[in-house]
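Position 120 of the sequence shown, counted from 1, bears residue number 122 in the working numbering, the numbering being contiguous throughout.
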Amino acid sequence: MIKTRLFWTFWMLFLILGSLASGLAGGLALAALTAVLSVCSGAFCFLSADRISLTFELPSRTEKGEAADCRIILSNSGKLPAAGIRLILELNNHLTGERRRETVSCALAAGAVREKSFSAASMYCGTVSVSAVCMECTDLFRIFRRKRYPEETAKMFVLPVMAEQDFVGIRHAVPRESDTFADGRPGSDLSEIYEIREYQPGDPVRTFHWKATAKADRMMVRVGSFPVDRSILILFDSFCRDKRMLTPARLDRHAERFFCLSRNLTERHLPHTAGWFDEEAGQMVLFELTSEESLADVMESILSLPHRESEKGVLERYLEMPDREEFGTIYLETLQMPEKLPEELADRIDVLGKLTGKG
Numbered sequence: 003m004i005k006t007r008l009f010w011t012f013w014m015l016f017l018i019l020g021s022l023a024s025g026l027a028g029g030l031a032l033a034a035l036t037a038v039l040s041v042c043s044g045a046f047c048f049l050s051a052d053r054i055s056l057t058f059e060l061p062s063r064t065e066k067g068e069a070a071d072c073r074i075i076l077s078n079s080g081k082l083p084a085a086g087i088r089l090i091l092e093l094n095n096h097l098t099g100e101r102r103r104e105t106v107s108c109a110l111a112a113g114a115v116r117e118k119s120f121s122a123a124s125m126y127c128g129t130v131s132v133s134a135v136c137m138e139c140t141d142l143f144r145i146f147r148r149k150r151y152p153e154e155t156a157k158m159f160v161l162p163v164m165a166e167q168d169f170v171g172i173r174h175a176v177p178r179e180s181d182t183f184a185d186g187r188p189g190s191d192l193s194e195i196y197e198i199r200e201y202q203p204g205d206p207v208r209t210f211h212w213k214a215t216a217k218a219d220r221m222m223v224r225v226g227s228f229p230v231d232r233s234i235l236i237l238f239d240s241f242c243r244d245k246r247m248l249t250p251a252r253l254d255r256h257a258e259r260f261f262c263l264s265r266n267l268t269e270r271h272l273p274h275t276a277g278w279f280d281e282e283a284g285q286m287v288l289f290e291l292t293s294e295e296s297l298a299d300v301m302e303s304i305l306s307l308p309h310r311e312s313e314k315g316v317l318e319r320y321l322e323m324p325d326r327e328e329f330g331t332i333y334l335e336t337l338q339m340p341e342k343l344p345e346e347l348a349d350r351i352d353v354l355g356k357l358t359g360k361g
């Protein structure tokens, strides 16, 4: 752009000075024509820039290290052509913090729609967003330029590798029988009755309480209690006291350990709860997992969590929850061992790095 403007300036000076030196009017006429064409070209550039829109088409999911085929669709709704369009795309992995930029250039005729392909890949799992941080429109002679900052964005999920991991001690972490039940929380264990209530459509037959039904003269059912000792919580920590630990490779293993344990429990038909801190909402999120489908729902949230330096981790934030739920077993997936585990949880909490033998 600078070289083009310098060339244009020297060309105009050459024509004007040459015309004055020779006394001929042809040079001045050519200089005037050059100026008019340049101004018209610049006007086309500024007017057409507002008529250009773009959208992204990305696959919803891809594998680590795999180059995903992506497209950007540009459309010109105006009656003037766009001689030059330069897009600066930014790809951001929200989990690991990786960022890279890519440039796409093209021209666009009036009323035309054009597709440009580009590839997006990440060696690490996470949510990768693609956005156009800047769109530059230039005129035919590359003298004038107008910048726009589109708000369009799209995302795709780079899936973690769900390889088998040896979670030492996990078999013994979940007792088969329990005598402890949560106060104020119904469950499915009918060995301990939480309450007796009137029948509602959909209640299973096995919950019918025949004696209470006979006394009340209407159908009554039993509601089971929630067994604390058999309940499992997996906490995903997106905080770390030492920011040097926040490397893409560590964050990648960090997320994969979490998902591997959750899938391990799901395959063994052990319902469990995933917990993490949502900074946008400013609160803890607890999500009950009972199937592969529910694990997929949680995956999208976890893979989008940015990590940052903080003295307070997810365990401390969980303990600060008002009326927090109690769990019989807590697994803490964290990048850094807590300085001290709470005494009331010492006998039922484990750090995944210790269980797997990996940091």
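Just so it is clear, CB atoms sit at the ideal spot from N, CA and C, and this is done for glycine as well.
As the structure is a prediction and not an experimental result, all values here were calculated from the model.
query: Using a Cβ-Cβ distance under 9 Å, would A45 count as near chain B?; result: Chain labels in this structure do not include chain B; a single protein chain is all it has.
query: Could you pull out every residue in the same chain whose Cβ sits closer than 7 Å to the Cβ of L56, ignoring the five residues on either side in sequence?; result: I74, I75, L76, A134, P152, E154
query: Start and end of the alpha helix (DSSP H) containing E256?; result: According to the sequence as given, residue 256 is His; it is not Glu. From DSSP, the alpha helix (DSSP H) with H256 extends over 250-269.
query: Hey, quick one: how far does the alpha helix (DSSP H) through M301 stretch, first residue to last?; result: 294-304
query: Using DSSP with H/G/I as helix, E/B as strand and the rest coil, what is Y151?; result: coil
query: Give the straight-line distance between the Cα atoms of G226 and Q202, rounded to the nearest whole angstrom.; result: 15 Å
query: Pair every Cβ in the segment 90-99 with every Cβ in the segment 301-309, then say whether three or more of these pairs are closer than 8 Å.; result: yes
query: When we look at the beta-carbon of C1 and count the other beta-carbons within 10 Å, is it buried (16 or more) or exposed?; result: Given that the chain is displayed from residue 3 to residue 361, the structure contains no residue 1 and the question cannot be resolved.
query: Mind checking E258: buried by the 16 CB within 10 Å criterion, or exposed?; result: buried
query: Leaving out five residues before and five after V300 in sequence, what residues of the same chain have Cβ atoms less than 8 Å from its Cβ?; result: S264, A276, F289, L291
query: Assuming contact is defined by CB atoms lying nearer than 9 Å, are A123 and F58 in contact in what I supplied?; result: no
query: What's the C-alpha gap between K121 and C72?; result: Note on residue identity: the sequence assigns Ser, not Lys, to residue 121. The alpha-carbon atoms of S121 and C72 are separated by roughly 6 Å.
query: Quick one: measure Cβ to Cβ for I332 and L347, integer angstroms, because I've assumed they're closer than 8 Å.; result: 6 Å
query: Return helix, strand or coil for A84, following the three-state DSSP convention.; result: strand
query: Can you give the beta carbon distance from L91 to R103, rounded, assuming they're within the 8 Å contact cut?; result: 7 Å
query: For C127, which residues from the same chain have a beta carbon less than 7 Å from its beta carbon, with the 5 sequence-adjacent residues on both sides left out?; result: K66, L97, V160, L161, P162, D254, A257, E258, L305
query: Straight-line CA distance for T358 to D205?; result: Bear in mind that a pLDDT of 48 at T358, under 50, signals an unreliable position, so the model cannot answer this.
query: How many whole angstroms separate the CB atoms of V132 and L93, which I take to be in contact at a CB cut-off of 8 Å?; result: 5 Å
query: In three-state terms, what does DSSP make of A34?; result: helix
query: Alpha carbon to alpha carbon, what distance is there between L337 and E197?; result: 42 Å
query: Put S55 into one of helix, strand or coil per three-state DSSP.; result: strand
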